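Student: Protein chains in written order, with the working numbering: chain C, 2 to 342; chain P, 2 to 342; chain X, 2 to 342; chain D, 2 to 342.
Protein chains: 4
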Amino acid sequence: MLVVMRTQATEDQVRQVVDTIESMGLRAHPIPGAQRTAIGITGNTGAIDALTFELLPGVAEAIRVSKPYKLVSREVKPDRTIVKVGQVEIGGGDLVVIAGPCSVESREQTFAVANAIDRYGIKLFRGGAYKPRTSPYSFQGHAEEGLKILAEVRDVYSMAIVTEAIDNESLDLVEKYADMIQIGARNMQNFSLLRRAGQCRKPVMLKRGMSATLEEFLMAAEYIMAEGNYQVVLCERGIRTFTDYTRNTLDLSIIPAVQKLSHLPIIVDPSHGTGRREQVTPMSRAGIAVGADGVMVEVHCQPERALSDGPQALLPSMLGELVQQLKEIHQVVTNLAVSVR
Amino acid sequence: MLVVMRTQATEDQVRQVVDTIESMGLRAHPIPGAQRTAIGITGNTGAIDALTFELLPGVAEAIRVSKPYKLVSREVKPDRTIVKVGQVEIGGGDLVVIAGPCSVESREQTFAVANAIDRYGIKLFRGGAYKPRTSPYSFQGHAEEGLKILAEVRDVYSMAIVTEAIDNESLDLVEKYADMIQIGARNMQNFSLLRRAGQCRKPVMLKRGMSATLEEFLMAAEYIMAEGNYQVVLCERGIRTFTDYTRNTLDLSIIPAVQKLSHLPIIVDPSHGTGRREQVTPMSRAGIAVGADGVMVEVHCQPERALSDGPQALLPSMLGELVQQLKEIHQVVTNLAVSVR
Amino acid sequence: MLVVMRTQATEDQVRQVVDTIESMGLRAHPIPGAQRTAIGITGNTGAIDALTFELLPGVAEAIRVSKPYKLVSREVKPDRTIVKVGQVEIGGGDLVVIAGPCSVESREQTFAVANAIDRYGIKLFRGGAYKPRTSPYSFQGHAEEGLKILAEVRDVYSMAIVTEAIDNESLDLVEKYADMIQIGARNMQNFSLLRRAGQCRKPVMLKRGMSATLEEFLMAAEYIMAEGNYQVVLCERGIRTFTDYTRNTLDLSIIPAVQKLSHLPIIVDPSHGTGRREQVTPMSRAGIAVGADGVMVEVHCQPERALSDGPQALLPSMLGELVQQLKEIHQVVTNLAVSVR
Amino acid sequence: MLVVMRTQATEDQVRQVVDTIESMGLRAHPIPGAQRTAIGITGNTGAIDALTFELLPGVAEAIRVSKPYKLVSREVKPDRTIVKVGQVEIGGGDLVVIAGPCSVESREQTFAVANAIDRYGIKLFRGGAYKPRTSPYSFQGHAEEGLKILAEVRDVYSMAIVTEAIDNESLDLVEKYADMIQIGARNMQNFSLLRRAGQCRKPVMLKRGMSATLEEFLMAAEYIMAEGNYQVVLCERGIRTFTDYTRNTLDLSIIPAVQKLSHLPIIVDPSHGTGRREQVTPMSRAGIAVGADGVMVEVHCQPERALSDGPQALLPSMLGELVQQLKEIHQVVTNLAVSVR
């Protein structure tokens, strides 16, 4: 159920609706929009009578939500969400490029990458301090030491930090040191972790699971939002198919599908999505051309020595070229969007 | 084995190599390049001694081909192939847009589409006279009557005709009436049909099978080329995966993968690749952004009445918008290509 | 539409219904059952009035068929179909084992296999004279020479012959020499070939395409039956998935699904379904345990020298063990079936 | 590296090897076998000199392990592992049937199922107290209350309890109340949870992820074993493919593949693997026929009222039939195994 307030509804009227919802043992999610506020209701097991709310002052209407996802849904919030991370707005029409190494391997390596990409206007820096690895014997990240290095990068280069949390313990630390919490593909249905991320006050980047359907992906975001954290950015990073020339199959057609159903921003990760350096730039262009809000790419100064995922890392100079190409494609897409409207 | 001639080799020297190959019971495929001619050898079951050819006059070297595909391979022919259909060159750097209805349903419907899209500069018209349908009880196309309608469209609108052949009988007729023979996804490994297409003197558009690997796709093209028809254009049209919001998953990452391994042009069919009208334009943009040579899209004046695949057909006005958008994206990609070199 | 005759309906009454159907420009498919005859109607594009038939003498009722497949459907024919090939009945409760080499490589090799497996009671011999191969440069089969060798095997060992046809030309010859016509996975949607097989008077083994859904599989059988050939056996041979330890994923759950919807027999091909010798015996056991009507396996006396698919071929002695195991499993399943009823 | 002790090696000699390993900063995993003890070494980043160990008293040889998984590997431990849960041995040749409701919905419902299935000799009871659900608004399980109900079932019916843990917190409680800890498919690569399970002293049932390769599956088990818990049972529960008639595709060919590479027991879950009641019995038969150590199935007395996964639940009477059928199939497979050896 979604309670839509009138345009001129007062804060008191909104509060009264929230109180009414909570007095019924349910949960209220006020969603301020450009024109009016709506209040999502979750926690009900059966139907609720719309009249209960429509008779309250300031309420325009109370509507049943037809999708299994509610807070994620564009039905509930037609305006696209803008997620602010550091100085960057994701979802507001700007081209967003997140870059950095796969793993924080050392202070030297991390600063080398940060220094090399700073010149290309990168304002969001990625790098893993906790690495979910297929083998228990592979490098698993430097944990808090890694997070401290990332925090230093922020101070020196004024880049906001995006980094992955893999369990509740690491999430506490990521929340403390970083600007945006990444939930990785393998944890997309780690519902316990999603709930914990929903209790954070920092924005969350949620990567699509390797075999997640669209609905499962949106429902994972719903888990985060249902706990009260509405700052969620989705990320397509490739699905598992039978193909053999890329590590995964980057499924760009999910971008328009998500944008139709949800107000959340969505970006593309062509590094994991293809697993091959030479595919990163063309597939990034394709991602922006299809309408994604940005890309996240991996960069390493010496990919052949990387402790993880070297074959998919761009060299810093290739990032410069990538950014230039994306700007031009983004300009075309932006102009088209304007001329169409 | 590939016999590479010297730049200044004469036609007589080429002929002598061909004769030598044929005298060994093998097949020779002279492949003229921008700088020099190469001669592919097929039909050998064991290894051939390179010296047999390297001692002949005009021969630069004889090299073993490391891939299972030979004629298709960029090792054998580094220059990209340009396939000419009517006035259009596919693979030469121009933006190619093939458009038309899924099926030729009637003279009126076909001409209505042709007339409506003519204004957008379309020079290649598609339309099916033979329709491979899942059900034997569905509309199967008007066969030769349909081909005649298409031939009329060519005469009236100066558009070259691309249409599908589904067996040897229909291929005879398609070869007679059309300008380019399409082999559909379901027939990608109908090797008998591929061989027959290889004996045609008209260019062939080969669509990727729904679950074809890259190697299987290239090997299917090799079947056509091994018979002597080198005018082959590949077409990505979506693979079958677990996803549920598109009919197939358009796998754009095969474009750079094909371009790395093969000299053949490759285009994208986002109509079948997504099965949804609202995805066709964004995924077409993505296809051109990633570097495809063109797109093939379906258009219908009354999609809700279409006898096949109505939900994926664009309206003519949407095609106009699509072409405009693709031109701008193509311009960016072309400039990038120039500036990179 | 399906016209169901009364139990005591006469042949004349059946004929009158058929005549009525044909006079409407439609096609009649009389389907004799154990208790009564039903007459399927195909060719109609719109609805037909049931009363047209229910008023004819001998008609019990005329019912709308709810599935897109009709002749294939268990709605239309509740009794399971038994397909007779040589002395063997497929679908009638007997355990069916079809065995033989992947390819007919030579008279010697083929007879060596036939001789070696004869002792295990094999009554259906498989072997390819036309081989659909990924590469045009691979061994493609000995064509009519191969068929002649197979016909000799039949004469010498009293085994019926199952062999693949790949186009209309080869089908003419296969129909002439063999006892059962195989349509391979790559041709499952070669509708032209399916139609031609439907015009044969020999039984057809239809293999599931690598990415065929259940409906597509049944509709392919419908193509054959719609032409009048009702002797169709389905064969599951593995689907393409992301897995890496088998060549394909043998999808045994399609067996109960087919048996619920269709009256056609279905067997399993674990040789292609797994591509690995050591998997053939356990997966054959599983196929019979799940309820398949039989298995088709590849056998070679010297797999390491096979011209095709050696790694999946059983040695003759392994076939003996396989047959023994399947008999015991089959006995259990048969007893269960009896005790359940 | 694996250090294999001589048959007659003493405990002191084993201890000396362990001490040597640990003095190098590495981790020692003594693996007692039927004939001799082996000691796995993990934690090394580079190669270790075999001589370091081969010169120690009691050491037969030190061998390099060729697979990325070590403790899981049959190279390291050729004897199959037997995991004991309550009175039941999994992996020792007995037929194992785990049954119970999807969720513990109430004391009444849980006891009703336990009571109804007790007569069929079930000794392992399953039931979820923590339910990972796609939607945050679906029933999530009764948590500790549910675990208490399960513990009561154990006391009353002498069945050991298998139940899922979804995070570190729930694992603490599951470890306390249950006999076997289940890690679900969605958490197969929740490495933090795997590590925590590896620190338990209770056996673990590890379900295959929906898109996990064989190597990823075995590596997930390696995470658990690397922490010192060697009591791991694998469970195939279906992979995600394009098919539409089952919820997942139960991939039985992984059973022989696992048994070739690993000594760990493996069972099959046809309830989640197919998602359809009518498939559970035939696919269970197939699972036992292929050689699995057991099955895990869901049972509900009123499936139409189940709070989760009702459509796949067997009725208690169907379980009786299932057990009977599996016993007969298992008998055949056991006899075969004996006669083959």
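Glycine is no exception: its CB is placed at the ideal position from the N, C-alpha and C atoms. Quantities reported herein were computed from a predicted structural model and do not represent experimental measurements.
Could you tell me which residues DSSP pairs with P137 (chain C) in its beta bridges?
Tutor: P137 (chain C) is not bridged to any residue.
Student: Taking A29 (chain C) as the reference, give the member of C:A115, C:V324, C:L3, C:Y246 with the closest Cα.
Tutor: Taking only the C-alpha atoms, the option nearest A29 (chain C) is C:L3.
Student: With a 10 Å radius around its C-beta and 16 neighbouring C-beta atoms as the bar for buried, classify S334 (chain X) as buried or exposed.
Tutor: One detail in the question is off: residue 334 (chain X) reads as Val in this sequence, not Ser. V334 (chain X) should be labelled buried.
Student: Confirm the yes/no value for this check: CB of L251 (chain D), any heavy atom of the ligand ZN, distance under 8 Å.
Tutor: The ligand ZN is not part of the structure shown, which contains no ligands of any sort.
Student: Would you kindly check if the distance between the Cβ of I182 (chain D) and the Cβ of A166 (chain D) is under 9 Å?
Tutor: Yes, the Cβ-Cβ distance between A166 (chain D) and I182 (chain D) is below 9 Å.
Student: Thinking just about the alpha-carbon of each residue, which of D:I40, D:N188, D:V157 is nearest to the one in G59 (chain D)?
Tutor: G59 (chain D) has its Cα closest to that of D:I40, out of D:I40, D:N188, D:V157.
Student: Looking at the unbroken alpha helix (DSSP H) that takes in S303 (chain X), where does it start and where does it end?
Tutor: One detail in the question is off: residue 303 (chain X) reads as Gln in this sequence, not Ser. Note, Q303 (chain X): premise wrong, no alpha helix (DSSP H); not H, not E.
Student: Any Cβ of chain P within less than 9 Å of the Cβ of R241 (chain D)?
Tutor: Yes, R241 (chain D) counts as interfacial toward chain P.
Student: Buried or exposed: P312 (chain X), going by 16 or more other Cβ atoms within 10 Å of its Cβ?
Tutor: Looking at its Cβ environment, which holds fewer than 16 other Cβ atoms inside 10 Å, P312 (chain X) is exposed.
Student: Could you run through the stretch 151 to 169 of chain D and flag, in chain order, every residue whose CB is less than 8 Å away from some CB of chain X?
Tutor: The residues in question: there are none.
Student: Between P:S309, P:A35, P:T21, which has its C-alpha nearest D50 (chain P)'s C-alpha?
Tutor: Taking only the C-alpha atoms, the option nearest D50 (chain P) is P:T21.
Student: Mind checking which residues open and close the alpha helix (DSSP H) that includes I256 (chain X)?
Tutor: Segment 255 to 262, the alpha helix (DSSP H) holding I256 (chain X).
Student: If I follow the unbroken alpha helix (DSSP H) through E146 (chain D), where does it start and stop?
Tutor: 144 to 158 is the span of the alpha helix (DSSP H), which, as asked, contains E146 (chain D).
Student: Between the alpha carbons of Y246 (chain X) and L215 (chain D), how many angstroms are there, rounded?
Tutor: Between Y246 (chain X) and L215 (chain D), the C-alpha separation is close to 7 Å.
Student: Please compile the residues from chain D whose C-beta is within a distance smaller than 8 Å of the C-beta of A227 (chain C).
Tutor: Here the neighbours are P137, Y138.
Student: Could you check how far apart the C-beta atoms of I256 (chain C) and I267 (chain C) are, in whole angstroms? I think they sit under 8 Å.
Tutor: Between I267 (chain C) and I256 (chain C) the Cβ distance is about 6 Å, and since that is below 8 Å, they are a contact.
Student: So V324 (chain D) packs on V98 (chain D), CB below 8 Å; how close in whole Å?
Tutor: Between V98 (chain D) and V324 (chain D) the Cβ distance is about 6 Å, and since that is below 8 Å, they are a contact.
Student: So, is the C-beta of G47 (chain P) closer than 9 Å to a C-beta in chain C?
Tutor: G47 (chain P) does not count as touching chain C.
Student: Express the C-alpha separation of L327 (chain C) and V341 (chain P) in angstroms, rounding to a whole number.
Tutor: Because V341 (chain P) carries a pLDDT of 46, less than 50, the predicted location of this residue cannot be relied on, and no value is offered for it.
Student: Count the C-beta pairs between the stretch 274 to 286 of chain X and the stretch 274 to 284 of chain D that are closer than 8 Å, then say yes if the count reaches three, no if not.
Tutor: No: fewer than three Cβ pairs fall under 8 Å.
Student: Return yes when the Cβ of G229 (chain D) is within less than 9 Å of the Cβ of V269 (chain D), no when it is not.
Tutor: It is not a contact, given that the beta carbons lie outside the stated cut-off.
Student: Taking any Cβ of chain P, which residues in the stretch 175 to 192 of chain X have a Cβ under 8 Å from it, in chain order?
Tutor: Per Cβ criterion, the list reads R187, N188, Q190, N191, F192.
Student: On the three-state DSSP scale, how would you describe P317 (chain C)?
Tutor: Residue state, collapsed to three classes: helix.
Student: Measure the C-alpha to C-alpha separation of V84 (chain C) and L251 (chain P) and round it to an integer number of angstroms.
Tutor: Cα to Cα, the separation comes out at about 29 Å.
Student: For the stretch 241 to 265 of chain D, which residues have a CB atom closer than 8 Å to at least one CB atom of chain X, in sequence order?
Tutor: Within the stretch 241 to 265 of chain D, the residues whose Cβ lies closer than 8 Å to some Cβ of chain X are T242, F243, T244, D245, Y246, T247, T250, L251, D252, L253, S254, I255, I256, P257, A258, K261, listed in chain order.
Student: Using only the alpha-carbon positions, how far apart do F243 (chain D) and T242 (chain P) sit?
Tutor: Those two C-alpha atoms are separated by around 5 Å.
Student: For L52 (chain D) and K71 (chain P), I'd like the C-alpha separation in whole angstroms.
Tutor: When rounded, the distance between both Cα atoms is 49 Å.
Student: So, does the CB of A290 (chain P) fall closer than 9 Å to a CB anywhere in chain C?
Tutor: Yes, its Cβ sits closer than 9 Å to a Cβ of chain C.
Student: Using C-beta distances below 6 Å, list every residue in its chain close to R81 (chain C), excluding the 5 sequence neighbours before and after it, in chain order.
Tutor: Taken in chain order, the residues that qualify are G92, H264.
Student: Using DSSP with H/G/I as helix, E/B as strand and the rest coil, what is L327 (chain P)?
Tutor: Note: L327 (chain P) maps to helix in three-state DSSP.
Student: How would you label E299 (chain C), buried or exposed, when you count the other beta carbons within 10 angstroms and need 16 or more for buried?
Tutor: With 16 or more other Cβ atoms within 10 Å, it is buried.
Student: When you compare the CB positions of L151 (chain P) and F126 (chain P), do they come within less than 9 Å of one another, or not?
Tutor: Result yes, Cβ atoms of L151 (chain P) and F126 (chain P) sit closer than 9 Å.
Student: Assign F112 (chain P) to one of three DSSP states: helix, strand, or coil.
Tutor: Note: F112 (chain P) maps to helix in three-state DSSP.
Student: Grouping DSSP H, G and I as helix and E and B as strand, with all else coil, what is Q183 (chain P)?
Tutor: Reduced to three states, the DSSP call for Q183 (chain P) is strand.
Student: Quickly, what does DSSP pair M6 (chain X) with across the bridge? List them, please.
Tutor: Answer is X:V60, bridged to M6 (chain X).
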